[in-house]
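Numbering (the numbering used here), first residue to last: 270 to 467.
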């Protein structure tokens, strides 16, 4: 006896069964929860450290490496990666899905405290951490241009007026400003003149 035999012999029952399955599928589809931005919790912690004036190589060897060694003892880390640039390092820790992010944050803080003696003495502040949810990517990215204002004036406008106005909008969690360098003073020394003064 083949599988399709009973369905061929009873066409009315087959049609009713097909209609019932379609009806149940339509009702189930209407009851499915749908969200344009579903809530997903990825336990990720980003650790940031800065050492002004240090090259990316120095940041990687003297800051990122000791931190990574300390973080290696934390249970439940799925992946660990770091990125070093001029004067700053970021270490990204992604934990197992079932890991409690608050407990992981406490262990990360303890690891940062334990690595204090391994970090360069020139660091003005200890590394900081932030709990991050990758599913909360930026919803809106704004870009400012002007034919009248300089880049520094645009940055000041964005950081003082625009960011404060946007952060007061209901539902806005965080406003980040970027894209311009902060004012800096560069000093060039003349070795010959310095030698004259001893």
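Even glycine gets a Cβ: it sits at the ideal position worked out from N, Cα and C.
Cross-strand partners of residue i (DSSP beta bridge)
| i | result |
| --- | --- |
| residue 316 | 360, 398 |
| residue 348 | 363 |
| residue 354 | 357 |
Best match in the options for proximity to residue i [C-alpha to C-alpha]
| i | options | result |
| --- | --- | --- |
| residue 336 | 382, 325, 291, 297 | 382 |
| residue 325 | 442, 360, 272, 353 | 353 |
| residue 393 | 278, 297, 317 | 317 |
| residue 314 | 278, 369, 329 | 369 |
| residue 361 | 421, 444, 347 | 347 |
| residue 358 | 376, 365, 322, 364 | 322 |
| residue 380 | 284, 338, 466 | 338 |
| residue 363 | 372, 371, 349, 376 | 349 |
| residue 320 | 397, 439, 428 | 397 |
| residue 410 | 443, 465, 303 | 443 |
| residue 343 | 448, 462, 441, 372 | 372 |
| residue 351 | 275, 329, 461, 365 | 329 |
| residue 468 | 275, 439, 345 | The structure shown does not extend to residue 468, since the chain spans only 270 to 467, so no value can be given for it. |
Cα-Cα separation between residue i and residue j, rounded to whole angstroms
| i | j | result |
| --- | --- | --- |
| residue 408 | residue 399 | 19 angstroms |
| residue 291 | residue 301 | 15 angstroms |
| residue 384 | residue 374 | 15 angstroms |
| residue 356 | residue 327 | 9 angstroms |
| residue 416 | residue 423 | 11 angstroms |
| residue 295 | residue 288 | 10 angstroms |
| residue 272 | residue 278 | 11 angstroms |
| residue 446 | residue 391 | 27 angstroms |
| residue 395 | residue 378 | 10 angstroms |
| residue 299 | residue 286 | 20 angstroms |
| residue 434 | residue 304 | 28 angstroms |
| residue 441 | residue 428 | 16 angstroms |
| residue 466 | residue 386 | 37 angstroms |
| residue 281 | residue 293 | 18 angstroms |
| residue 367 | residue 421 | 45 angstroms |
| residue 454 | residue 437 | 34 angstroms |
Presumed contact (8 angstroms Cβ cut-off) between residue i and residue j, rounded CB distance
| i | j | result |
| --- | --- | --- |
| residue 340 | residue 402 | That belief does not hold up - the Cβ atoms of residue 340 and residue 402 are roughly 19 angstroms apart, past 8 angstroms. |
| residue 426 | residue 418 | 7 angstroms |
| residue 388 | residue 332 | 6 angstroms |
Residue-level contact to chain C via CB, residue i, 7 angstroms cutoff
| i | result |
| --- | --- |
| residue 354 | The structure shown has no chain C; it contains just one protein chain. |
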